[in-house]
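Undergrad:
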Amino acid sequence: MPLQDTRKMVLETPLGKDELLLQQMTVREELGRPYEISIIALSEDHNHELNKLLGESITVHFETFGGNTRYFNGLVSRFAHLSSSSSFARYEIIARPWLWFLTRNSDCRIFQEKSIPDIIKEVFRDRGFSDFDDRLKATYRTWEYCVQYRETDFNFVSRLMEQEGIYYYFEHAKNTHTMVLSDSYSAHKTVTDYDEVPYFPHVQNQSRERDHVYDWHVAHQVQPGKYAIDEFDFKKPTSDLLVKKETARDHAMSGFEIFDYPGEYVEKGDGNHYVKVRNEELHAQYERAEGAGNARGLAAGALFSLTQYPRDDENKEYLVTAATHRLVSDDYEAGGKGAEDPYDIDFAVMDSKQPFRPERITPKPMVQGPQTAVVVGKSGEEIWCDEFGRVKVQFHWDRHGKADENSSCWVRVAQIWAGVKWGAMHVPRMGQEVIVDFLEGDPDQPIITGRVYNGDNMPPYALPANQTQSGIKSRSSKDGGTDNFNEIYFEDKKGEEEMYIHAEKDQNTVVENDQTELVQRNKMVRVDNDRTESIGRDRSLHVERDKKEKVDRDKTIDVGKDHSEGIRGNMSISVAKNLTETVALNYSENVGVAMELTVGAQMLHTVGGNLSESVGVSMDTSVGKDVSLDIGKNAKTEIGEDATTDIGKNSKENIGENRTVTVKKNSSLKAKKIELTADDQISLKTGSAELVMKKNGDITLKGKKLTIKGSGNVIIKGSNVKVN
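In this note's numbering, the protein residues as written are 74 to 797.
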């Protein structure tokens, strides 16, 4: 069996030593891209099982300048039988890094409150890979919400790294390879014995004493000199988030600008990072050189300095951005061994002082239209929202979510109106199905645009039986049942039209100007408890027919100023018990014709000041029994014409002090018997005539002429009668 022990290029596989012999190999590698190892191998076994090598690690190693060993390691992604001859079977092996196998896994997954490097490494570890070296130097922001949506793990991490300006390359060792995460010059180093590589032009059939570059060409190309991006933050809607970056180049037509929106940031500091990365992405293409040679130590990600090139400005340090390695072994069938194994490399480089950034070639998936999701929140709650009315949702595609307050970011909810402290607000509740759209189709920017019923959440009105009904019906929270709700609904069935309003507890109406209510038929108001009305100014009530009020207990009317009632017909007041009227000042009653007051028992009038009664025609007072008049001070009666007092039985007057009766004309007193009694004196006087009777018995009769006439005798008796 031919052996590789004498060869400088050796292929090692799990099939066993020398089971596969390296004939030729091509390796293509590039910064920020997975490499590919393509091998043509020979074997004396024509019957290798093709699936035995899939996913297995293989290594090719060979000697470099200075006697060191160079390795290329990968995991087999393709193993093919190409052909067979009498001596050997030819096989093809395609090997790639472990990163490539992430193209074989796709998912829908949500990451929250993590940086991009943390998300990337979490994806790697979740797929069982840990062969990576984090050499990142920049500080990366925390993403509130980042979605892997219907894309492979590889595409997901690739687009995230491209967005942040992160790239990678691979370092190879025996039976292993390591992914190096990079974002700056410090992540790179030179290769032993290849920190400087000379330029020797190619000369036919002439060998050089060391590995070198024999072909070199460089190019500059126009790039936009400016980059600008902008963004909008709904929390700070007037905030200026526009950021710019300029790289001056001393050539014509260098001042063009690339503007992009949205920038996917809400802090200007993060925007400055992104605009810097985007600008560096463009200018990484400004100066590129390509070369060829046999420098076996060069690799993507390595630093080296070119020397001895005729153009002095090209002799400087470079970063290898891409390389294609080609190795060809001796022809085993020819029996040769130990000969120099041909090796050549084509490569691309850039000035190491210019930061490298990967081109954004991995598309971000777009959500092709609206989706639905279920509103979720904290266990034990019915409504879970923030100060903006945003809610959390569980997407149907999210098999990792727990349907809780961590299932998504806070998602904004479209309302029919949204002003400054005015508008409409309906917060979706946990368990409801909502329609979710995505700004610009971006899965990282969900927004709720509607709500829908489903088999668990049925409409409030049975359909299609109530298809003419529409409205809004809420549910009391927390722990409200089917009987706990506020509602406004409309019945549009012809002939049964109705607008219905139901308040589960309180209903408050505020009208800051006028309110007009027109009821064209009947209106009924029922208040099961108290009712209070407060009117700041006037109230007018017009009842075209009858008005009836019934108060089962007390009624109190408090009028701050005047009270006036006008009744065009009759007025009847019936009081089952007592009636009390209190007038602080004056009381006036005006009766156009007759007035009748009937008191079934007693009647008491108490007047604190004066009492005046004015009767336009006659006044008739009839008292069925007694009349008692008690006057605290004076009493005065003025009668314009005649006065008649008719007393059916007795009349009695009690006067505390004096009594004076003045009759301007005649006075007549007629009685069956008249008795005058005075405690001190009785005097009768008219003109110069006078009769005085004193309590001691003296009687004095004075007059100018005294005549005594009697139809009978005139008798004068006394103890002493004197006649002068």
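Where a beta carbon is used, it is the ideal one built from N, C-alpha and C, also for glycine. None of these values were measured; they are calculated from a predicted model.
State the Cα-Cα distance for the pair Asp284 and Ala365, rounded to the nearest angstrom.
TA: Taking the straight line joining both Cα atoms gives about 11 Å.
Undergrad: When you compare only the Cα positions, how much space is there between Lys795 and Asp752?
TA: Using only the alpha carbons, I get a separation of about 28 Å.
Undergrad: According to DSSP, simplified to helix, strand and coil, what is Lys804?
TA: This structure cannot speak to residue 804, because the chain is shown only from 74 to 797.
Undergrad: CB Tyr164 to CB Ala246, shorter than 7 Å?
TA: No, they are not a contact pair.
Undergrad: Buried or exposed, going by whether 16 or more other CB atoms sit within 10 Å of the CB of Ala716?
TA: Ala716 is exposed by the Cβ-count criterion.
Undergrad: Nearest to Thr435 by alpha carbon, out of Asn739, Ser231, Leu742, Ile640?
TA: Of the candidates Asn739, Ser231, Leu742, Ile640, the one whose C-alpha sits nearest the C-alpha of Thr435 is Ser231.
Undergrad: Name, in chain order, the residues that DSSP records as bridge partners for Gln444.
TA: Gln444 is bridged to Val509.
Undergrad: Under the assumption that Gly514 contacts Val466 (Cβ atoms under 8 Å), give the Cβ distance between them as a whole number of angstroms.
TA: Wrong, their Cβ atoms sit about 17 Å apart, outside the cutoff.
Undergrad: Buried or exposed for Glu282, going by 16 or more other Cβ atoms inside 10 Å?
TA: With fewer than 16 other Cβ atoms within 10 Å, it is exposed.
Undergrad: When you compare the CB positions of Gly342 and Glu304, do they come within less than 7 Å of one another, or not?
TA: No. Outside cutoff.
Undergrad: Among residues of its own chain, excluding the 5 on either side of Thr142, which ones have a beta-carbon nearer than 7 Å to its beta-carbon?
TA: Excluding sequence neighbours, Thr142 sits near His134, Glu136.
Undergrad: Can you give me the start and stop residues for the alpha helix (DSSP H) that Val787 sits inside?
TA: Looking at the DSSP string, Val787 is not in any alpha helix (DSSP H), and its letter there is neither H nor E.
Undergrad: Are the CB atoms of Thr212 and Glu186 nearer to each other than 7 Å?
TA: Their beta carbons are not under 7 Å apart, which means Thr212 does not touch Glu186 by this criterion.
Undergrad: Could I get the ranges of all uninterrupted beta strand (DSSP E) runs contained in the stretch 168 to 256, with 3 residues as the minimum, in chain order?
TA: Entirely contained in the stretch 168 to 256, the beta strand (DSSP E) runs reaching 3 residues are, in chain order, 179 to 184, 205 to 207, 219 to 225, 240 to 246, 249 to 255.
Undergrad: What is the residue span of the beta strand (DSSP E) that His346 lies within?
TA: Here His346 belongs to no beta strand (DSSP E); instead the alpha helix (DSSP H) covers 341 to 356.
Undergrad: Can you give me the start and stop residues for the beta strand (DSSP E) that Ser130 sits inside?
TA: From DSSP, the beta strand (DSSP E) with Ser130 extends over 130 to 136.
Undergrad: Counting Cβ pairs, one atom from each stretch, are 3 or more of them under 8 Å apart for the stretch 256 to 274 and the stretch 470 to 483?
TA: Too few Cβ pairs lie closer than 8 Å, so no.
Undergrad: Using DSSP with H/G/I as helix, E/B as strand and the rest coil, what is Asp385?
TA: The answer is helix: DSSP assigns Asp385 an H, G or I state.
Undergrad: What's the gap between the Cα of Lys775 and the Cα of Ser724?
TA: Their backbone Cα atoms lie some 33 Å apart in a straight line.
Undergrad: Within 10 angstroms of its Cβ, does Ala412 collect 16 or more other Cβ (buried), or is it exposed?
TA: The predicted position of Ala412 is uncertain, since its pLDDT is 47 and thus under 50; a value taken from the coordinates is nonetheless stated next. Exposed: under 16 other Cβ atoms inside 10 Å.
Undergrad: Measuring CA to CA, which of Ser203, Asn559, Phe197, Asn124 is closest to Ile167?
TA: Of the candidates Ser203, Asn559, Phe197, Asn124, the one whose C-alpha sits nearest the C-alpha of Ile167 is Asn124.
Undergrad: Within the continuous beta strand (DSSP E) that includes Phe563, where are the two ends?
TA: 560 to 564 is the extent of the beta strand (DSSP E) around Phe563.
Undergrad: Taking contact to mean 3 or more Cβ pairs, one atom from each stretch, closer than 8 Å, check whether the stretch 422 to 438 and the stretch 387 to 404 are in contact.
TA: Judged by Cβ distances under 8 Å, the stretch 422 to 438 makes contact with the stretch 387 to 404, as three or more pairs qualify.
Undergrad: What runs of the beta strand (DSSP E), each 3 residues or longer, lie entirely inside the stretch 509 to 597?
TA: List check, beta strand (DSSP E) in window: 519 to 525, 542 to 546, 560 to 564, 571 to 575.
Undergrad: Specify whether the stretch 567 to 579 and the stretch 588 to 598 touch according to this definition: at least 3 beta carbon pairs, one from each stretch, less than 8 Å apart.
TA: These segments do not touch.
Undergrad: When burial is assigned at 16 or more other CB atoms within 10 Å of the CB, is Ala368 buried or exposed?
TA: Looking at its Cβ environment, which holds 16 or more other Cβ atoms inside 10 Å, Ala368 is buried.
Undergrad: Just to confirm, are Ile302 and Val316 a CB contact at a threshold of 7 Å?
TA: Taking 7 Å as the Cβ cut-off, Ile302 and Val316 qualify as a contacting pair.
Undergrad: By Cβ distance below 7 Å, which residues in the same chain neighbour Ala576 in space, the five residues on each side in sequence not counted?
TA: Excluding positions up to five away in sequence, the list reads Asn559.
Undergrad: Please report the residue range of the beta strand (DSSP E) in which Asp424 lies.
TA: Segment 416 to 424, the beta strand (DSSP E) holding Asp424.
Undergrad: What is the rounded straight-line gap between the Cα of Ala649 and the Cα of Gln540?
TA: Cα-Cα distance, rounded: 56 Å.
Undergrad: Quick check on the burial criterion: 16 or more other C-beta atoms within 10 angstroms. Buried or exposed for Val348?
TA: With 16 or more Cβ atoms within 10 Å of its Cβ, Val348 is classed as buried.
Undergrad: Among the residues of its own chain, which have a CB less than 6 Å from the CB of Ile574, if the five just before and after it don't count?
TA: Once the five neighbours on either side are set aside, the close Cβ partners of Ile574 are Ile561.
Undergrad: Going by DSSP in three states, Ser157 sits in which element: helix, strand or coil?
TA: Correct three-state label for Ser157: strand.
Undergrad: Please name the residue or residues paired with Ile302 in a DSSP beta bridge.
TA: DSSP, once it has assigned bridges, lists Val316, Asp333 as partnering Ile302.
Undergrad: Whose C-alpha, out of Leu175, Ala372, Ala538, is nearest the C-alpha of Ile418?
TA: For the residues Leu175, Ala372, Ala538, the minimum Cα distance to Ile418 belongs to Ala372.
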